[in-house]
Amino acid sequence: MAEKPIGIIGAMAAEVEALLAAMQEKKVEEFSGLAFHSGTLEGVACVVAECGPGKVNAAVCAQTMVLRYSPRLVINVGVAGGVGPQVHIGDLVVAAACVQYDFDTTAMGDPLGTLFIRHASGENEDILLLPCCEEAAGLLLEEARSIYGGAHFGVICTGDVFVADAEKNQFLQEKFEAHAVEMEGGAIAQVCYMNGVPCAVLRAISDCANDDSPMDFPAFTKMAAEKTGKLLGAVLPRL
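In my numbering, the protein residues as written are 1492 to 1730.
Put into C-alpha cells, the structure is as follows:
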C-alpha cells in the first residue's frame, strides 16, 4: 500500500514556491479549481497546494485535499502578523491551537470564537480552540530551536481580516493569549478536526499586525516564508 502523504497548504505563492521547486517526482492535478502538486520532499511523500487567502479558500483546499489524497497530516505554512510585544518580525510561531476570532455569536451568550460542529451521529459540539497535533508541533519546535534558536508556541488567531491595528492586536493578545494572527490556519484546523486528520500550523512573522503592517508585510513576506520552508524541509523526514 502506498504511503499516505503529508499535506502542505499555503495561501500565497511565496509560501509554497520553495517547496514546489524542491519537490521530486512531481505530478500536478486540478480539483475544486486548485492545483495539487504531489511528489516527494526530502524523500517523504507530500502533496502541496496554494489555497488563496481567507477561510473559505483554505477550507475548500483542505477538504479537497483530505478527500482526494487522504493525508496522514496536514500542515499549514506561511506568514502571519505577530501578536503581543514579545513577538517580532522574523520570529516563528507554532500553533498549540487555533481560534476563529471573527466567528461571533456573543449576542446569544456564546464566548467569542465558539464554533458549532454538527456530527453525523446527530451530536452538536461547541468548540473554541481547535487543537493541533502535539507530536508535529513538538518536532517543529525542536527543529526551530536547532536551526533558529527557538520559536513561540501558543494560540494562532484566524479571521477574514488583514489586521493592521494596534488596538485589535492588543485585544487578541488579551482575549486569547495569541501569538499570531492570519487568515487560514483556523479554517484548515477545523476541516482537519472534522475529518479526524492531524493538523499543524507553522507561521513566520512578516509584520506586527499594527499600523506599520501595510509597509512591513510586502517587505518581509519573502524572508519570513523562506524561514518556514527551511524549517519544514528539515522536519519532514521526522514526521
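No residue lacks a Cβ here, since even glycine has one placed at the ideal position from N, Cα and C.
In this text, all values refer to a predicted model and were calculated from it rather than measured experimentally.
DSSP on residue i, reduced to helix/strand/coil?
{"i": "P1709", "result": "helix"}
{"i": "E1516", "result": "strand"}
{"i": "R1563", "result": "coil"}
{"i": "C1552", "result": "helix"}
{"i": "P1622", "result": "strand"}
{"i": "G1720", "result": "helix"}
{"i": "E1506", "result": "helix"}
{"i": "G1498", "result": "strand"}
{"i": "S1612", "result": "coil"}
{"i": "G1545", "result": "coil"}
{"i": "G1629", "result": "helix"}
{"i": "V1570", "result": "strand"}
{"i": "V1654", "result": "coil"}
{"i": "V1535", "result": "strand"}
With respect to the alpha helix (DSSP H) encompassing residue i, which residues constitute its N-terminal and C-terminal limits?
{"i": "Q1661", "result": "1657-1667"}
{"i": "C1648", "result": "Taken as a continuous stretch (DSSP letters only), C1648 belongs to no alpha helix (DSSP H), being part of the beta strand (DSSP E) at 1643-1649."}
{"i": "C1683", "result": "1676-1686"}
{"i": "S1529", "result": "Taken as a continuous stretch (DSSP letters only), S1529 belongs to no alpha helix (DSSP H), being part of the beta strand (DSSP E) at 1525-1532."}
What are the boundary residues of the beta strand (DSSP E) that includes residue i?
{"i": "Q1591", "result": "1583-1591"}
{"i": "F1607", "result": "1606-1609"}
{"i": "R1694", "result": "1690-1698"}
Which residues in the same chain have their Cβ closer than 7 Å to the Cβ of residue i, if we skip the five residues on either side of it in sequence?
{"i": "E1616", "result": "I1608, H1610"}
{"i": "E1533", "result": "G1724, L1727, P1728"}
{"i": "A1588", "result": "L1620, L1621, P1622, C1623, V1646"}
{"i": "D1595", "result": "L1603"}
Within a Cβ cutoff of 8 Å, which residues of the same chain sit near residue i, ignoring the five residues on either side of it in sequence?
{"i": "K1718", "result": "G1581, L1583, Y1639, A1695"}
{"i": "K1518", "result": "H1528, S1529, G1530"}
For residue i, which residues in the same chain have their Cβ closer than 6 Å to its Cβ, ignoring the five residues on either side in sequence?
{"i": "A1509", "result": "G1720"}
{"i": "V1507", "result": "G1501, V1539, E1541"}
{"i": "S1523", "result": "V1551, T1555"}
Use the C-beta contact count for residue i: other C-beta atoms within 10 angstroms, 16 or more gives buried, fewer gives exposed.
{"i": "Q1515", "result": "exposed"}
{"i": "G1569", "result": "buried"}
{"i": "V1578", "result": "buried"}
{"i": "A1571", "result": "buried"}
Should the region 1694-1702 be regarded as contacting the region 1599-1607, the criterion being three or more beta carbon pairs within less than 8 Å?
no
Whether or not the region 1648-1655 and the region 1664-1678 are in contact is what I'm after, with contact meaning three or more pairs of Cβ atoms, one per stretch, closer than 8 Å; do they touch?
yes
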